[in-house]
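Participant:
In my numbering, the protein residues as written are 22 to 327.
1. Buried or exposed: where does residue 265 fall if 16 or more other Cβ atoms within 10 Å of its Cβ makes it buried?
2. Under three-state DSSP, which class holds residue 102?
3. Figure out for me which residue from 23, 257, 186 has the closest Cα to the Cα of residue 100.
4. So residue 167 and residue 275 are supposed to be a Cβ contact under 8 Å. How far apart are they, rounded?
5. Would you mind sorting residue 310 into buried or exposed? The rule is 16 or more other CB atoms within 10 Å of its CB.
6. Do you know how far the Cα of residue 180 is from the Cα of residue 156?
7. Given a cut-off of 8 Å, decide if residue 184 and residue 271 are closer than it, judged by their beta-carbon atoms.
8. Nearest CA to the CA of residue 38: which residue from 137, 52, 267?
9. Report yes if the CB atom of residue 254 is closer than 8 Å to the CB atom of residue 206, and no otherwise.
10. Taking 8 Å as the limit between beta carbons, can you name the residues of its chain near residue 233, skipping five residues before and five after?
11. Please determine, among 169, 56, 277, 192, the residue with the shortest C-alpha to C-alpha distance to residue 41.
12. Mind checking who residue 204 pairs with in its DSSP beta bridge?
13. Between which two residues does the alpha helix (DSSP H) containing residue 69 stretch?
14. Following the continuous alpha helix (DSSP H) through residue 328, name the residue where it begins and the one where it ends.
15. Does DSSP put residue 48 in a helix, a strand or coil?
16. Evaluate residue 194 with the Cβ neighbour count: other Cβ atoms within 10 Å of its Cβ, from every protein chain shown; 16 or more gives buried, anything less gives exposed.
17. Quick check: the Cα distance between residue 62 and residue 126, rounded to an integer number of angstroms?
18. Suppose contacts are defined by Cβ-Cβ distances below 8 Å. Is residue 351 in contact with residue 106 by that definition?
19. Can you look up residue 187 in the DSSP assignment and give me helix, strand or coil?
20. Could you check whether residue 56 and residue 124 sit closer than 8 Å to each other, using their CB atoms as the reference points?
21. Quick check on the DSSP output: the alpha helix (DSSP H) that includes residue 60 runs from which residue to which?
22. Looking at residue 241: is its Cβ nearer than 8 Å to the Cβ of residue 251?
23. Have a look at residue 308 and residue 147 and give me their C-alpha separation to the nearest angstrom.
24. Whose CA, out of 87, 316, 58, lies closest to the CA of residue 36?
25. Do residue 202 and residue 169 count as a contact pair if the criterion is CB distance below 8 Å?
26. Can you list, in chain order, the residues of its chain whose CB lies under 6 Å from that of residue 94, leaving out five sequence neighbours each side?
27. I'd like to know whether the C-beta atoms of residue 273 and residue 144 end up nearer to each other than 8 Å.
Following this line, the structure appears as structure tokens:
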């Protein structure tokens, strides 16, 4: 499923989706989510809303036809409803897409990707694997980085780590891309100051680091990742992984996120949120088992309350 731009033009997300579909022989669904309160109000008076929507569908079909001429199977759907985010989440639940792909805008003055509140809402709540694609993206990624937490110190269940690695490996094989796996080790000692006669125990730090290194190596063996592709990084996870991705020209970072305050749009996990705001590349975010069922229940309860 591609959430198409309202301008209905060929964008990096469409290029990425078409390239992936061509490799996997999957169908594409171009989904346009729209609602304009002024137009809806005008339709109660004299505006022919159906004519407007018919024109939008025709433009969406024209965009799809460009891809069909390239041999791709493409469907289209215009969703006119509000709130748009709830309509989007329900459509994802109904369609069960292999992946949802959406553009993110690059802020020219800052020269980096900025996630809008709508992007973050979608990242927090999308039940399907969600890829956010920046401008200047290649059709297919050439280097992929899986960000993992083998010791589950950030509260991510083991199955989510496994899901991240499987998805990253599948994407790498599909795109003939290089795959790296990174885990950031952040040692947080108690307050230390030589003036008071206390220094951190370097031996203890190395012991903790060894535990993380062993866990990462065990994970690599389990999933067939060569040792030279496993990277134990030192530092705050968001900073360390973002710096590694930039230094190694990573195209897509694959990561898991845990919704801590379900549907309240408060957090997708502090590490995930910090990393997302620092990355300057595409991201593929996955949710844990059971997320879709909980989301469906919350949306149904919200709909009944409304």
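C-beta: ideal position from N, C-alpha, C; glycine also.
Facilitator: According to the structure shown:
1. That one is buried.
2. In the structure shown, residue 102 falls within a coil segment according to DSSP collapsed to helix, strand and coil.
3. Ranking the options by Cα distance to residue 100, first place goes to 23.
4. Rounded, the Cβ-Cβ distance is 5 Å, consistent with contact.
5. That one is exposed.
6. Residue 156 and residue 180: Cα-Cα distance of roughly 32 Å.
7. Annotated as distal: residue 271 and residue 184, with beta-carbon spacing of 8 Å or more.
8. Considering only alpha carbons, the answer is 52.
9. Taking 8 Å as the Cβ cut-off, residue 254 and residue 206 qualify as a contacting pair.
10. Leaving aside the five residues that flank residue 233 on each side, the residues in its chain whose CB is nearer than 8 Å to its CB run, in chain order, 171, 172, 204, 206, 253.
11. It is 192 whose Cα lies nearest to the Cα of residue 41.
12. For residue 204, which the question treats as bridged, DSSP gives the partners 253.
13. Run containing residue 69: none; DSSP gives neither H nor E here.
14. Residue 328 cannot be examined here, being either before or after the span of the chain that is shown, 22 to 327.
15. Residue 48 falls in the coil class under three-state DSSP.
16. Residue 194 is exposed by the Cβ-count criterion.
17. Distance between the alpha carbons of residue 62 and residue 126 is about 30 Å.
18. Outside the shown range of the chain (22 to 327) lies residue 351, about which nothing can therefore be said.
19. Of the three classes helix, strand and coil, the one that applies to residue 187 here is helix, per DSSP.
20. Not a contact, by the Cβ cut-off of 8 Å.
21. Counted as a single uninterrupted DSSP element, the alpha helix (DSSP H) harbouring residue 60 occupies residues 58-64.
22. Yes, they are a contact pair.
23. Within the model, the alpha-carbon separation for residue 308 versus residue 147 is close to 8 Å.
24. Among 87, 316, 58, the Cα nearest to that of residue 36 is on 87.
25. In contact: residue 169 and residue 202 (Cβ atoms closer than 8 Å).
26. Once the five neighbours on either side are set aside, the close Cβ partners of residue 94 are 48.
27. It is not a contact, given that the beta carbons lie outside the stated cut-off.
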